[in-house]
Amino acid sequence: MKYIVFDLEWNMPFSAQNMVKEPSMLRGEIFEIGAVKLDEDFKIEDKFKANIKPTYYKKMHYAVAKLTKIKTSELNSYPKTFRQVFLDFKKWCGEDFAFITWGNDDILVLEENIVIHGFDKDFIPECYDLQLIFDNQITKENRQHSLSSVIKLLGEPEFDAHDALNDAISTAFVCHHLDMKNGISTYSELITKKEEKQKAKNEFTKKSYKSAYFLLKAKEIRNFTCENCKKQLSCGKFISKSRSQKLCIVECSCGKKYFVRVRIKRNEDKTLRGNRMVYDLNETNLQCYNNALEKSKEESAPATV
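For the sequence shown, the numbering used here gives the first residue as 1189, with consecutive numbering after it.
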């Protein structure tokens, strides 16, 4: 089994009206593929890079041009079409392989490009989002991280970003800091956890409350279980980030600290429902809490003449 770490650069339509929808949807047209082949021990074995002449979006979107420093004239000077490059890439990948990417966007864009050019999307093998494995093993913050910030955190060499091969190499370097065999064997559990978190973000309490005071006193908002020691915890005093967001920090007796965010939604009858999310406390959400706390102090301070 080989692992193909790949990254794509793609151009976009200038508006929804300009987006290609037939014979299939094309939200981004690939103009560069960069990939690194890893062996079973996740060591770099080979590299692949190719530029692609556009078929559909022939004028470089200003935002893409700003990131990649590639102009429309250069884009249209590339000698090979997607069909030619894809056949080369497919041959280079070999027979027994899986994909590793940083995030899910590249997989979706690759699939759209494959389909619109008449190839079988069954070419796409098992795919692993390295962001999930990294967050689960290193930061444990239940959030996405930019590749550039992770490279800095790990002390790996920094290349020019938004170059497909450079980003693929950087992603491969991240693998060297992880227990990849464990990450892959438990990947289905990480996906389930991610889906549960996403579902929780969109769920508000079924019960409605007359005011924010009563909502924040409700057990379904205040109480949760420590994922470290399974002890039942309860939120203390909430502070206001805004009228619709309340924040709290909770520390368990086992030493684990949590950041709690409650979003408040007003019903048509003016009653309220709440959505509570619990995160591991980190520097980012601690700063968010401290900013809200400082703001609340300023607003409650007596006015000076």
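Where is the CB? At the ideal position from N, CA and C, for every residue including glycine.
Note that this is a predicted model, so its numbers are computed, not measured.
Open item on the list: Can you give me the C-alpha to C-alpha distance between residue 1265 and residue 1346, rounded to a whole angstrom?
Closed with: 28 Å
- [ ] Could you name the residues of the same chain whose beta carbon sits closer than 8 Å to that of residue 1207, not counting the 5 residues immediately before and after it, in chain order?
- [x] 1201, 1213, 1214 and 1215
Task: Exposure label - residue 1379; buried when at least 16 CB within 10 Å - done: exposed
TODO: Within the stretch 1370-1439, note down every full beta strand (DSSP E) run reaching 3 residues or more, in order along the chain.
DONE: 1411-1413, 1420-1422, 1427-1430 and 1433-1439
Open item on the list: Quick check on residue 1238: does DSSP put it in helix, strand or coil?
Closed with: strand
Open item on the list: Are the CB atoms of residue 1359 and residue 1288 within a distance shorter than 9 Å?
Closed with: yes
Task: Any 3 or more C-beta pairs closer than 8 Å across the stretch 1380-1387 and the stretch 1219-1235 - done: no
Open item on the list: I need the DSSP call for residue 1493, collapsed to helix, strand or coil.
Closed with: Caution applies to residue 1493, whose pLDDT of 46 falls short of 50 and renders its modelled position unreliable; the value that the coordinates give is listed next. The answer is coil: DSSP assigns residue 1493 none of H, G, I, E or B.
Task: Straight-line Cα distance separating residue 1485 from residue 1493 - done: Residue placement at residue 1493 is flagged as unreliable, the pLDDT there being 46, under the threshold of 50; the coordinate-derived value follows with that caveat. Using only the alpha carbons, I get a separation of about 18 Å.
Open item on the list: Using a 10 Å radius around the Cβ and a threshold of 16 neighbouring Cβ atoms, would you call residue 1352 buried or exposed?
Closed with: buried
- [ ] Take residue 1399 as the anchor and find which of 1258, 1457, 1332 and 1251 has the nearest alpha-carbon.
- [x] 1457
Task: residue 1284 to residue 1189 span [Cα, whole Å] - done: 5 Å
- [ ] Kindly give me the distance between the Cβ atoms of residue 1220 and residue 1196, rounded to whole angstroms, as I take these residues to be in contact under 8 Å.
- [x] 7 Å
Task: For residue 1191, the nearest candidate out of 1331, 1363, 1349 and 1454 (CA to CA) - done: 1363
Open item on the list: I need the boundaries of the alpha helix (DSSP H) containing residue 1363, first residue and last residue.
Closed with: 1352-1363
Open item on the list: Quick check: the stretch 1321-1335 against the stretch 1224-1244, are at least 3 beta-carbon pairs closer than 8 Å?
Closed with: no
Task: Spatial neighbours of residue 1297 in its chain, beta-carbon cut-off 8 Å, leaving aside the 5 residues before and after - done: 1196, 1198, 1215, 1216 and 1218
Open item on the list: I'd like to know whether the C-beta atoms of residue 1329 and residue 1245 end up nearer to each other than 9 Å.
Closed with: no
TODO: Report all residues from its chain with a CB closer than 8 Å to the CB of residue 1295; omit the five preceding and five following residues, and keep chain order.
DONE: 1287, 1289, 1312 and 1315
- [ ] Please name the residue, chosen from 1403, 1307 and 1331, that lies closest to residue 1274 on a Cα-to-Cα basis.
- [x] 1307
Task: Inter-stretch contact at 8 Å, needing at least 3 Cβ pairs: the stretch 1468-1478 / the stretch 1428-1440 - done: yes
TODO: Can you say whether residue 1402 is buried or exposed, counting buried as having 16 or more other CB atoms within 10 angstroms of its CB?
DONE: exposed
- [ ] Identify the continuous alpha helix (DSSP H) that holds residue 1263 and give its terminal residues.
- [x] 1260-1263
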